[in-house]
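J.: Here it is: the structure, laid out below.
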Amino acid sequence: AKTSGRNTYKMFDHAISNEIAEKTVLGTYLRSAMVNKEFLLHYQPKIDMVTGRISGLEALIRWNNPQLGMVSPLRFIRLAEEMGLIVSIGYWVLQEACDFAARLYKQYPELRISVNLSSVQLMQTDFVDKVKSIIEQANIPPQMIGLEITESLLMESFTASVGKLDSLKEFGMYIELDDFGTGYSSLSYLKNLPIHAVKIDKSFIDDISETNRHNNITEAIIKLAHMFGLSVVAEGVETQDQARLLTEYCCDTFQGYFASKPLPEEDVKSFLKTYKYI
Ligand code: C2E
Ligand code: CA
Ligand code: CA
Ligand code: CA
């Protein structure tokens, strides 16, 4: 028992030092990733469930490092926040998304490209001005750009964050509450947020199935969001079954591998031309 105890302890130690080692290595490479142009964006289509058409794209960052290979954002976004790098990364993401929107505008003026936002970005005092100026310089209507925010992001400094989002909504941008259902959302608070839509977290979508059809809260969430005048996006839709049930529940938009994985820019245009859900 004594030995196994010591071994457990060792493993624990080992896990921690591994984590620190990984952070150090990632951090070293991350610091130069921007100047070395190692970031790129993939775009995942959002499908309008009524028209069956693509209504938007979510920009998802990818990091391709020569030594590390492709690194998932789940592994480096938090670190980028801790290192203070997320602010410049975030503006780069927005700039890229706006440039792509500008290239798509003539053919797809109704299309919207959304970017994910970190709380550290929103905390910057000049955030609103910088976002507006990036969009103005790209010469696209602000309606073409969306922001995906999380509840934890809002909680950081509620009043200031809501004020900033309100200005950007006023400016014309589209605001979505991401990972909805996983946080502490109270109903009254949902009513007062400057948002257009909620994105139901994948964990709820995973529970939807034909055998489980009266036993999930997704339908209730959709009804509730509609009562507040909000549009509803389902994320992580992987099967036809899920898509069909979501249509029955009057969900407005879906996103997920069932329609498409996130795509590199060169694949987006052909997808836009050929995709049909209904
Ligand atoms: P998220 O915003 O919740 O994005 C959804 C994630 O689910 C993406 O992972 C996407 O590729 C994945 N996904 C989409 N459809 C499906 C599906 O049908 N099945 C499964 N299993 N997964 C699906 P990804 O691209 O690895 O991004 C992970 C997270 O990293 C994002 O979660 C977001 O929070 C963050 N992130 C990504 N790009 C950025 C960025 O530019 N800035 C910031 N601040 N965060 C970002
Ligand atoms: Ca998102
Ligand atoms: Ca999400
Ligand atoms: Ca999620």
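For the sequence shown, our numbering begins at 739 and goes up steadily by one. C-beta atoms are modelled at their ideal positions from N, C-alpha and C, and glycine is treated no differently. In this text, all values refer to a predicted model and were calculated from it rather than measured experimentally.
Taking the alpha-carbon positions, what's the I946 to C836 distance?
T.: The residue given as residue 946 occupies position 208 in the sequence shown. The residue given as residue 836 occupies position 98 in the sequence shown. Their Cα atoms are separated by approximately 35 angstroms.
J.: I'd like the span of the beta strand (DSSP E) that includes P783, first residue to last.
T.: Position 45 of the sequence shown holds residue 783. Run containing P783: 777-786, per the beta strand (DSSP E) assignment.
J.: To the nearest angstrom, report how far apart M808 and I824 are at their CA atoms.
T.: Translated into positions along the sequence shown, residue 808 becomes position 70. Translated into positions along the sequence shown, residue 824 becomes position 86. Whole-angstrom Cα-Cα distance: 18 angstroms.
J.: If distances are taken between C-alpha atoms only, which option among T766, K929, F909, G919 comes closest to G884?
T.: By one-based count along the sequence shown, residue 884 stands at place 146. Measuring from the Cα of G884, the nearest candidate turns out to be F909.
J.: Once you ignore the five residues that flank F1024 on each side, which residues in its own chain have a CB closer than 7 angstroms to its CB?
T.: Summary: the structure shown does not reach residue 1024, with the chain confined to residues 739 through 1016, and so no result is reported for it.
J.: Using a threshold of 7 angstroms, is the CB atom of D939 nearer than that to any non-hydrogen atom of ligand 2?
T.: If you number the sequence shown from 1, residue 939 lands on position 201. Because no heavy atom of ligand 2 lies under 7 angstroms away, the Cβ of D939 does not count as near it: no.
J.: Tell whether a beta-carbon distance below 8 angstroms holds between N854 and D916.
T.: As a position in the sequence shown, residue 854 is number 116, starting the count at 1. As a position in the sequence shown, residue 916 is number 178, starting the count at 1. The answer is yes: Cβ separation under 8 angstroms.
J.: Just the C-alpha distance for E886 and S755, rounded to the nearest angstrom, thanks.
T.: Working through the sequence shown from its first residue, we reach residue 886 at position 148. Working through the sequence shown from its first residue, we reach residue 755 at position 17. Looking at the two C-alpha atoms, the distance is approximately 34 angstroms.
J.: In the structure shown, what three-state DSSP assignment does T789 receive?
T.: In the sequence shown, the residue the question calls residue 789 occupies position 51. Looking at T789 - three-state DSSP - the assignment turns out to be coil, as it is neither helix nor strand.
J.: Since K937 is in the beta strand (DSSP E), which residue starts that stretch and which ends it?
T.: The residue given as residue 937 occupies position 199 in the sequence shown. Looking at the DSSP string, the run of the beta strand (DSSP E) that includes K937 is 935-938.
J.: Tell me the DSSP bridge mates of R769?
T.: Within the sequence shown, residue 769 is the residue found at index 31, counting from 1. DSSP output for R769 lists no bridge partner at all.
J.: Any heavy atom of ligand 1 inside 7 angstroms of the beta-carbon of E834?
T.: In the sequence shown, the residue the question calls residue 834 occupies position 96. For ligand 1, not one heavy atom lies less than 7 angstroms from the Cβ of E834.
J.: Kindly examine ligand 2 and report whether one of its heavy atoms sits closer than 7 angstroms to the Cβ of E796.
T.: Start at 1 with the first residue of the sequence shown, and residue 796 comes out as number 58. For ligand 2, at least one heavy atom lies less than 7 angstroms from the Cβ of E796.
J.: Taking the alpha-carbon of W830 as reference, which of K907, D1005, A797, G790 has the nearest alpha-carbon?
T.: By 1-based counting over the sequence shown, the position of residue 830 is 92. For W830, the nearest C-alpha among the options comes from A797.
J.: Does P1002 come out as helix, strand or coil in the three-state DSSP assignment?
T.: Stepping through the sequence shown from its first residue, residue 1002 is reached at position 264. Strand, per DSSP.
J.: Give the DSSP-derived three-state secondary structure of Y843 in the structure shown.
T.: Position 105 of the sequence shown holds residue 843. Correct three-state label for Y843: helix.
J.: Just checking, does the segment 772-783 make contact with the segment 994-1008 on the three C-beta pairs under 8 angstroms criterion?
T.: Contact holds: three or more Cβ-Cβ distances are below 8 angstroms.
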